[in-house]
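Visitor: Quick one: the structure is below, questions incoming.
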Amino acid sequence: MRSLSGIQPSGMLHLGNYFGALKQFVDLQDSYEGIYFVADYHSLTSQINPEMLRTKSMNIVMDYIAAGLDPKKSTIFLQSSIPLHTELMWILSNLTPMALLERGHAYKDKVAKGIKANVGLFNYPVLMAADILLYEPDFVPVGKDQKQHIEFTRDFAVKFNEFYGKEVFKLPEALILDNVATVIGTDGEKMSKSYGNTINIYAPEKIVKKQVMSIVTDSAGLEDSKNPDNNITKLYSLFADENEIKAMKEKFIAGNYGYGHAKKELLERILDYFKEQREKRFALENNLDYVKEVLRAGREAANKIAEAKMKEVRKTVGL
Ligand code: ADP
Ligand code: TRP
11 MRSLSGIQPS GMLHLGNYFG ALKQFVDLQD SYEGIYFVAD YHSLTSQINP
61 EMLRTKSMNI VMDYIAAGLD PKKSTIFLQS SIPLHTELMW ILSNLTPMAL
111 LERGHAYKDK VAKGIKANVG LFNYPVLMAA DILLYEPDFV PVGKDQKQHI
161 EFTRDFAVKF NEFYGKEVFK LPEALILDNV ATVIGTDGEK MSKSYGNTIN
211 IYAPEKIVKK QVMSIVTDSA GLEDSKNPDN NITKLYSLFA DENEIKAMKE
261 KFIAGNYGYG HAKKELLERI LDYFKEQREK RFALENNLDY VKEVLRAGRE
311 AANKIAEAKM KEVRKTVGL
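Just so we're on the same page, this note's numbering is the position in the sequence shown counted from 1, plus 10.
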């Protein structure tokens with residue numbers, strides 16, 4: 011069984027990325043063959059500065075390894091190191107109705123906000139489908155926001171198979187864990203790089219502290235009884251067991267327990283949970299040769315699979 015996923019190098023890794031996606035990659039790697047890439051082609055849709063893109067792509071690779079993805083068990087590579095992804099995207103786009111892509115969340119949201127979308131963003135789901143279909147994974151572990159993209163991928167695969175009368179593509183399943191489907195940000199909305207409400211797991215301690223301290227609460231005073239289902243307990247739940255969550259909620263209800271206290275407890279839990287990972291992540295920055303070697307080996311392994319699939323696709327469509 012094979013699992014595949016990608017993360018865009020558009021910013022620093024945050025709790026949402028970790029619990030929504032990356033932790034699953036790591037948990038799955040002993041039971042599934044893992045293929046994980048940095049979706050750098052996808053990041054071009056937001057017209058990122060070239061130097062930033064290069065740096066952020068390397069950062070995500072280091073994040074993957076620090077979080078526990080083992081390059082000996084999983085294939086790790088840069089999406090752009092295998093241009094076959096864009097070749098398959100072109101082929102799939104010819105079977106893709108405009109109307110379907112017009113329903114794409116990312117595109118629709120931009121247009122709704124009055125932002126001019128580029129064709130790359132419009133085609134984003136087709137590239138993502140190509141990323142997936144090239145490698146025939148059984149599962150695609152992602153956060154809930156990617157559900158529609160996996161459904162589109164299945165639609166494209168069915169259309170292709172039907173049109174050419176051949177089972178060329180295997181239908182992937184999304185793997186979305188319910189309890190972490192959406193991690194909230196410091197403002198209570200979905201945590202996202204684009205909303206500036208993140209808690210970054212590999213940022214310097216001072217920054218993590220500042221982010222935790224910025225979690226939005228109401229203005230209840232120290233001695234007041236407080237709503238136990240606030241943004242702090244929601245984030246604390248990611249790190250604590252049932253009894254610990256209950257204990258924090260009871261303290262909030264009882265009063266004389268300030269939001270500042272709770273934030274401190276949360277910060278300690280975050281730093282404790284990610285202690286080893288953070289050390290590993292900082293050490294990797296001084297070992298870029300190792301990171302590059304991981305990418306080289308990853309590209310080689312991934313390219314074998316992708317090239318074999320593309321041969322079949324080209325033959326099927328008459329190229
Ligand atoms: P962002 O929204 O910060 O730009 P990405 O779109 O790059 O994050 O997401 C990378 C992965 O992390 C995806 O699988 C996505 O579903 C997951 N993810 C991102 N934010 C969250 C969140 N707040 N909760 C759960 N999963 C998330
Ligand atoms: N669109 C995904 C995101 O923003 C990243 C991604 C690109 C991806 N290609 C993929 C995820 C293929 C899973 C499989 O999070």
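Backbone N, C-alpha and C fix where the C-beta goes; we use that ideal spot for every residue, glycine too.
Are there 16 or more other CB atoms within 10 angstroms of the CB of M138, so buried, or fewer, so exposed?
Guide: Flag for M138 reads buried.
Visitor: To test your reading of the DSSP string, which unbroken alpha helix (DSSP H) runs of 4 or more residues are found completely within the segment 137-200?
Guide: The qualifying runs are 157-174.
Visitor: Could you check where the beta strand (DSSP E) with E295 kicks off and where it finishes?
Guide: Per DSSP, E295 belongs to no beta strand (DSSP E) and is neither H nor E.
Visitor: How about T163 and P182: do their beta carbons lie closer than 8 Å?
Guide: A contact, by the Cβ cut-off of 8 Å.
Visitor: Is any heavy atom in the ligand TRP found nearer than 7 Å to the beta carbon of A49?
Guide: Because some heavy atom of the ligand TRP lies under 7 Å away, the Cβ of A49 counts as near it: yes.
Visitor: Can you look up E310 in the DSSP assignment and give me helix, strand or coil?
Guide: Three-state DSSP puts E310 in a helix.
Visitor: Hey, could you find the ends of the beta strand (DSSP E) E233 is sitting in?
Guide: Careful: E233 lies outside any beta strand (DSSP E) and carries neither H nor E.
Visitor: Just the Cα atoms here: how many angstroms apart are N313 and M320?
Guide: Rounded to whole angstroms, N313 to M320 spans 10 Å at the Cα level.
Visitor: What first and last residue would you give for the beta strand (DSSP E) that runs through I101?
Guide: Looking at the DSSP string, I101 is not in any beta strand (DSSP E); the run it does join, the alpha helix (DSSP H), is L94 to S103.
Visitor: From the DSSP output, which residues share a beta bridge with L14?
Guide: Bridge partners of L14: I45.
Visitor: Please check the pair N207 and T196, which I expect to be a contact at CB under 8 Å, by giving their CB distance rounded to whole angstroms.
Guide: Sure, about 5 Å apart at Cβ, within 8 Å.
Visitor: What does T5 pair with, by DSSP beta-bridge criteria?
Guide: Outside the displayed range of the chain (11 to 329) lies residue 5, so it cannot be described from this structure.
Visitor: Closer than 7 Å: is that where the CB of H24 sits relative to any heavy atom of the ligand ADP?
Guide: Answer for H24: yes, Cβ within range of the ligand ADP.
Visitor: Taking contact to mean 3 or more Cβ pairs, one atom from each stretch, closer than 8 Å, check whether the segment 53-70 and the segment 274-288 are in contact.
Guide: No, the segment 53-70 is not in contact with the segment 274-288.
Visitor: To the nearest angstrom, how far is the alpha carbon of V323 from that of Q18?
Guide: Between V323 and Q18, the C-alpha separation is close to 26 Å.
Visitor: Does DSSP put N266 in a helix, in a strand, or in coil?
Guide: Here N266 sits in coil by DSSP.
Visitor: Is Q158 close to the ligand ADP? I mean its beta-carbon at under 7 Å from any heavy atom of the ligand.
Guide: Checking every heavy atom of the ligand ADP against the Cβ of Q158, none is found closer than 7 Å.
Visitor: Once the 5 residues before and after M11 are set aside, which same chain residues still bring their CB inside 6 Å of it?
Guide: Closer than 6 Å at the Cβ level, and outside the excluded window around M11, lie Y42 and D148.
Visitor: So is V168 buried or exposed if we call it buried at 16+ other beta carbons inside 10 Å?
Guide: Exposed: under 16 other Cβ atoms inside 10 Å.
Visitor: Any chance the segment 291-304 sits against the segment 261-279, with 3 or more Cβ pairs inside 8 Å?
Guide: As far as the Cβ criterion goes, the segment 291-304 does not touch the segment 261-279, which means the pair count is below three.
Visitor: Which term fits N237, buried or exposed, when burial requires 16 or more other beta carbons within 10 angstroms of its beta carbon?
Guide: By the 10 Å Cβ count, N237 comes out exposed.
Visitor: Using DSSP with H/G/I as helix, E/B as strand and the rest coil, what is N210?
Guide: Three-state DSSP puts N210 in a strand.
Visitor: The alpha helix (DSSP H) that contains M62, what's its start and end?
Guide: Run containing M62: P60 to A77, per the alpha helix (DSSP H) assignment.
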